[in-house]
Amino acid sequence: MFPGATADRSASSYVVVGAPLDVSTSFQPGTRFGPDRVRRFAGTFEDYDRAADRLFSESGVADAGDVHAWNDAAEYVDYLASVCRDVVRDDAIPLTIGGEHTVSVAPVRAVDPDVFVVCDAHLDLREAYDGDPWSHSTVTGHALDVADEAVILGARSGSEAEWERAAEGDVTVVAPEDVAAWAPPAEFAERDVYLSVDVDAADPAYAPGTGTPEPFGLTSRELRDVVRAVAPHASGFDVVEVNDRDDGQAAVLAAKLLRAFVFAHADATAVDG
Amino acid sequence: MAKEQKEVRDLQEGNYVIVEDAACKIDGYSTAKPGKHGSAKARIEARGVFDGKRRSLSQPVDAKIWVPIINRKGGQIVSKESDTVVQVMDLETFETVTMEIPEDVDVDPDDEIEYLEWEGKRKVLQ
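Residue numbers (our numbering), protein chains in the order written: chain A, 1 to 273; chain B, 1 to 126.
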C-alpha cells in the first residue's frame, strides 16, 4: 500500500493503481519494480505537508494495489483501462504508478481528457518502435487518439519525424529551459486535463533510475511546480518509468510528485470552510 | 427470474449479463492473463438495459455467471399518456401494458414498435 493511502475505496477521492508493465523498455529494464519501489520510498515521508497544511492520510487516497502485467501491452492497456474506468465511475481520480509509459494510455482512455499534459524527456510521438506500435515511445501518439491536444513539458529528444509531428497544431512542446516560466493557459479552466509524468523528464542527476535517461532535464523543484500548477485542473495523474537501477532517487521523486498532485488537487477542490 | 448460466469466458461485447441483480448489456470485455498466483480474470463493463446505469465486475474466466433471458416483443401503441409513458398492446397476447418510452423516440397511436421485456421491466426500442 502507498503509505497514507488508507481511505476506504468506496469513500475515496483518489485511487492509486500500480501498473508494473515492463515489455518495451528499450534500454535499461526494471519498470516492473516501479510501483513497489515508489510505495517503498514513500515510506519515509511525513504524513503532514507544510505547504498544503494537510495530512496525506486524511486526503481520501485509497490504494487498489497492482494490476498484474503480462507480455501483451495492447491487451494489458485494455484491461487496465477497465480498472481505471471503475475509479472514474466512482467519481475518484486515478493515480497510476508505472510501469513503462505505455500504461498511461489506460487512465487517459478512462478519463477521456481534452488535453494531455506530459512531462517527458522524449516526444513519444513515434508510430512504432522496432515495429512495435505499443512501444513506450508511442504513448503521446496514443494519448492523442483520445485527447485533442498534447502539451509536452521538458522534451529534449525525438526523431526527426517526431519533431515534425510535434510542429503540428495539436502539440505544444516546452523546452526544459522554458518549463520554469510555463504556466497552465487560462483555457485549462474549461477543459478536462490529464497529467502524466515520465520520471525521465527530470535530469538523470535527480532520477537516474529510469530506462532511457536523457541529460539536460528538469530539476526536482521544476517538476514539483508543474505538478502543483496543473493538478487543480487535472482529472487523472500518473508517474511512470521508474525502475530499480538507482539508490531510490527516481522512486522517491515519483512518490513525492504523486503526493504533490494530491495535495495541490485537494487544496484546489476543497470546499472552503 | 428468467435466466441461464454461462461461463464468463463465453461472454462478449453485446451480450446480456446480470450484474448486481440487474439485466445489463456488455459494452466492454477484457481479460488479464494468469500470473503465477491466480487464474485468468475477465473484467466486464456493462450498462443496465432498463435503468441505463453503468456496472462492472471482475471474475475468473471459468466462473459461472447468470445471463438474463430477455424477450424481444412486438407491440402497437394504443395511446400516449405523456411524452414518456405509452400504453402498448402486445401483438402476440393482445395484453395491454403501460411502459416508459425514451424522449427521443417519437410514436403515435397505431404505430408498431418493438420492446424488450424481462422480469416485468420493459423498454421500447428506437
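The beta carbon of each residue, even a glycine, is placed where N, CA and C say it ideally should be.
The model shown is predicted, which means the values in this text are computed figures rather than measured ones.
Review point. Thinking just about the alpha-carbon of each residue, which of A:250, A:230, A:263 and A:253 is nearest to the one in residue 118 of chain A?
Key: For residue 118 of chain A, the closest of A:250, A:230, A:263 and A:253 by C-alpha to C-alpha distance is A:230.
**Study point:** Length of the line joining the Cα atoms of residue 238 of chain A and residue 115 of chain B
**Key:** Distance from the CA atom of residue 238 of chain A to the CA atom of residue 115 of chain B, rounded to whole angstroms, is 44 Å.
Point to revise | Simplified DSSP state of residue 230 of chain A, which is helix, strand or coil | key: DSSP places residue 230 of chain A in helix when its eight states are reduced to three.
Review point. Given a threshold of 16 other Cβ atoms within 10 Å of its Cβ, counted over all protein chains shown, does residue 158 of chain A qualify as buried or as exposed?
Key: So residue 158 of chain A ends up on the buried side.
Review point. Quick one: Cα of residue 84 of chain A to Cα of residue 77 of chain B, how far?
Key: Residue 84 of chain A and residue 77 of chain B have their alpha carbons spaced roughly 43 Å apart.
**Study point:** C-alpha gap between residue 174 of chain A and residue 259 of chain A, whole angstroms
**Key:** When rounded, the distance between both Cα atoms is 24 Å.
Review point. Residue 166 of chain A to residue 144 of chain A, Cα distance in whole Å?
Key: Per the coordinates, the alpha-carbon of residue 166 of chain A lies some 11 Å from the alpha-carbon of residue 144 of chain A.
Check your understanding: So which of A:218, A:125, A:148 and A:250 has the shortest CA-CA distance to residue 274 of chain A?
Key -> No answer is possible for residue 274 of chain A: it lies beyond the span of chain A, which begins at 1 and ends at 273.
**Study point:** 8 Å CB neighbourhood of residue 214 of chain A in its chain, flanking five on each side removed
**Key:** Beyond the five residues adjoining it in sequence on each side, residue 214 of chain A comes within less than 8 Å, by CB distance, of 121, 122, 156, 157, 200 and 204 in the same chain, given in chain order.
Check your understanding: With a CB to CB cut of under 8 Å and the five nearest residues on each side skipped, what residues in its chain are close to residue 26 of chain B?
Key -> By the criterion of a C-beta distance shorter than 8 Å, residue 26 of chain B is surrounded in its chain by 11, 12, 13, 14, 15, 16, 17, 44, 45 and 46, once the five residues flanking it on both sides are discounted.
Review point. Nearest chain B C-beta to residue 316 of chain A closer than 9 Å, yes or no?
Key: Outside the displayed span of chain A (1 to 273) sits residue 316 of chain A, for which this structure offers no information.
Exercise for review: Return yes when the Cβ of residue 100 of chain B is within less than 9 Å of the Cβ of residue 122 of chain B, no when it is not.
Suggested key: Closer than 9 Å, so yes.
Practice item. For residue 182 of chain A, name the three-state secondary structure that DSSP assigns. Key: Looking at residue 182 of chain A - three-state DSSP - the assignment turns out to be coil, as it is neither helix nor strand.
Check your understanding: Going by the beta-carbon positions, is the gap between residue 100 of chain A and residue 23 of chain A smaller than 9 Å?
Key -> Between residue 100 of chain A and residue 23 of chain A, the C-beta gap is smaller than 9 Å, which places the two residues in contact.
Practice item. Could you check what DSSP says for residue 41 of chain B in three-state terms: helix, strand or coil? Key: The answer is strand: DSSP assigns residue 41 of chain B an E or B state.
Review point. Can you tell me whether DSSP reads residue 251 of chain A as helix, strand or coil?
Key: For residue 251 of chain A, the secondary structure class from DSSP, reduced to helix, strand or coil, is helix.
Exercise for review: Give every residue of the same chain whose Cβ lies closer than 7 Å to the Cβ of residue 65 of chain A, excluding the five residues on either side of it in the sequence, and list them in chain order.
Suggested key: Short of 7 Å from the beta carbon of residue 65 of chain A, and not among the five residues preceding or following it, lie these beta carbons of its own chain, in chain order: 18.
Check your understanding: So is residue 29 of chain B buried or exposed if we call it buried at 16+ other beta carbons inside 10 Å?
Key -> Its Cβ being crowded by 16 or more others within 10 Å, residue 29 of chain B is buried.
Point to revise | Top-ranked residue by Cα proximity to residue 114 of chain A, from A:2, A:190 and A:98 | key: That would be A:190, whose Cα lies nearest to the Cα of residue 114 of chain A.
Practice item. Establish whether the CB of residue 75 of chain A and some CB of chain B are separated by less than 9 Å. Key: Yes - at least one Cβ of chain B is within 9 Å of the one on residue 75 of chain A.
Exercise for review: Give the interface partners of residue 68 of chain A over in chain B, defined as CB-CB distance under 7 Å, in chain order.
Suggested key: What residue 68 of chain A touches in chain B, judged by beta-carbon distance under 7 Å, is 32 and 35, going in chain order.
Review point. Does the stretch 37-53 of chain A come within contact of the stretch 64-81 of chain A, defined as at least 3 CB pairs closer than 8 Å?
Key: Result no; under three Cβ-Cβ pairs closer than 8 Å.
**Study point:** Residues near residue 98 of chain A by beta carbon distance below 8 Å, same chain, minus five either side
**Key:** Apart from sequence neighbours up to five positions away, the residues of its chain that approach residue 98 of chain A with a beta-carbon distance below 8 Å are 19, 20, 21, 31, 34, 35, 104, 238, 239, 240, 241 and 242, ordered along the chain.
Point to revise | Candidates B:58, B:9, B:86 and B:73, of which the one nearest residue 105 of chain B by Cα | key: Checking every option, the nearest Cα to that of residue 105 of chain B belongs to B:86.
Check your understanding: In terms of alpha-carbon separation, which member of A:147, A:138, A:25 and A:63 lies closest to residue 10 of chain A?
Key -> Among A:147, A:138, A:25 and A:63, the Cα nearest to that of residue 10 of chain A is on A:63.
Check your understanding: Quick one: what's residue 30 of chain B bridged to in DSSP?
Key -> DSSP lists B:43 as partners of residue 30 of chain B.
Exercise for review: Locate the alpha helix (DSSP H) running through residue 219 of chain A, then write down its first and last residues.
Suggested key: First-last for residue 219 of chain A: undefined, no H or E at that position.
Review point. What residues match up with residue 129 of chain A in a beta bridge as DSSP calls it?
Key: DSSP output for residue 129 of chain A lists A:132 as bridge partner(s).
Review point. For residue 86 of chain A, which residues in chain B fall below 7 Å Cβ to Cβ?
Key: For residue 86 of chain A, the chain B residues whose C-beta falls within less than 7 Å of its own C-beta are 56, listed in chain order.
Point to revise | Contact list for residue 45 of chain B against chain A, beta-carbon separation under 7 Å | key: Within chain A, the residues near residue 45 of chain B are 82 and 85.
Review point. Closest Cβ-Cβ distance between residue 75 of chain B and chain A: below 9 Å?
Key: Chain A, which has no Cβ nearer than 9 Å to the Cβ of residue 75 of chain B, makes this no.
Check your understanding: Under the three-state reduction of DSSP, which class applies to residue 272 of chain A: helix, strand or coil?
Key -> Here residue 272 of chain A scores only 48 on pLDDT, less than 50, and its place in the model is too uncertain to base an answer on.
Exercise for review: Kindly list, in the order they appear in chain B, the residues whose Cβ is closer than 8 Å to that of residue 79 of chain A.
Suggested key: Those are 30, 31, 32 and 43, listed as they occur along chain B.
Point to revise | As assigned by DSSP and simplified to three states, the class of residue 256 of chain A | key: Helix at residue 256 of chain A.
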